[in-house]
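This report refers to the structure that appears directly beneath it.
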Amino acid sequence: MAKSETREPRQTRAIEKKKKIVQVAFKLFCEKGFHHTNTNEIAKEAGVSTGIVYHYFKDKKAIFLAVMDQVIPKFDDDMIKQLHLSKDRKELEAFLSDIIDKDVQLHEISRVAHEEFHAMRHSDPDVAEYMNNFNNQFLSSIAGALPSLGFSISHPQEKVDMIYHMIDQYSDSIVLNKREKINYDVMKKLLIETIFNLLDLDVFD
Numbered sequence: 745m746a747k748s749e750t751r752e753p754r755q756t757r758a759i760e761k762k763k764k765i766v767q768v769a770f771k772l773f774c775e776k777g778f779h780h781t782n783t784n785e786i787a788k789e790a791g792v793s794t795g796i797v798y799h800y801f802k803d804k805k806a807i808f809l810a811v812m813d814q815v816i817p818k819f820d821d822d823m824i825k826q827l828h829l830s831k832d833r834k835e836l837e838a839f840l841s842d843i844i845d846k847d848v849q850l851h852e853i854s855r856v857a858h859e860e861f862h863a864m865r866h867s868d869p870d871v872a873e874y875m876n877n878f879n880n881q882f883l884s885s886i887a888g889a890l891p892s893l894g895f896s897i898s899h900p901q902e903k904v905d906m907i908y909h910m911i912d913q914y915s916d917s918i919v920l921n922k923r924e925k926i927n928y929d930v931m932k933k934l935l936i937e938t939i940f941n942l943l944d945l946d947v948f949d
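Residue numbers (our numbering): 745 to 949.
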């Protein structure tokens, strides 16, 4: 069945309906995975008709991408402000520790959805493009903000990219592939130390 053109809600009630659809979809994707969830289930649990779902989203993949917009953290002004205030070594260490903890929590909350997302990233061009665009914007924002925050480092784009992927790999290791012989508190401390070394700072002085 051909789907009609989707519309962006403007009224408060319509905005809340769309938000509810995304929240329910996230819950079901986490519980069952993307491929084992259908739009009828999403509509039923959100308390709307299937027609309403397709009114806002052209297909299930569009819902999935909207979920990613909610789940994936943004490098917003508040985070930049917090980084700007973290001039003391201990404060900056605590800031990085908090970022790492939040990334781990994100992986834990959305474990099934996270695994599904990574699988789709390798099999679906739209999801791959979405993630590539996000990474480019997200990491460029961080790298671009560093000089104004007093961080004078060489190759900021490359180093920020490395830091991002190291944190993500650490979270994957804890949530998806935890090993008994690994002390993750020690690994986290080493990760923070490595980040400070990349930023040409001394964390343990």
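Where a beta carbon is used, it is the ideal one built from N, C-alpha and C, also for glycine. Because the structure is a prediction, the values reported are computed rather than measured.
Using alpha carbons as the reference points, say which of the options lies closest to residue i.
i	options	result
residue 942	915, 762, 902, 913	902
residue 913	924, 935, 925, 896	935
residue 845	911, 879, 922	911
residue 898	759, 944, 813, 909	944
residue 880	896, 904, 927	904
Can you say whether residue i is buried or exposed, counting buried as having 16 or more other CB atoms within 10 angstroms of its CB?
i	result
residue 939	buried
residue 915	buried
residue 837	buried
residue 900	buried
residue 847	buried
residue 930	exposed
residue 866	exposed
Since residue i and residue j should fall inside the 8 Å C-beta cutoff, what is the C-beta to C-beta distance between them, to a whole number of angstroms?
i	j	result
residue 811	residue 790	About 13 Å; that fails the 8 Å criterion.
residue 919	residue 852	5 Å
residue 864	residue 856	At roughly 12 Å, the Cβ-Cβ gap does not stay under 8 Å, so residue 864 and residue 856 are not in contact.
residue 796	residue 761	7 Å
residue 770	residue 781	So it is not a contact: roughly 10 Å between Cβ atoms.
residue 759	residue 807	16 Å between Cβ atoms; not a contact.
Does any CB atom of chain D fall closer than 8 Å to the CB of residue i?
i	result
residue 877	Within the model displayed, chain D is absent; a lone protein chain is all it includes.
With DSSP run on the structure shown, which of helix, strand or coil describes residue i?
i	result
residue 922	coil
residue 802	coil
residue 767	helix
Whose C-beta lies closer than 8 Å to the C-beta of residue i among residues of the same chain, with five residues either side of it excluded?
i	result
residue 932	841, 844, 914
residue 809	870, 871, 874
Apart from the five residues on each side of it in sequence, which residues of its chain come closer than 7 Å, Cβ to Cβ, to residue i?
i	result
residue 908	883
Looking only at its chain, what residues have a beta carbon closer than 6 Å to the beta carbon of residue i, apart from the 5 residues adjacent to it on each side?
i	result
residue 757	none
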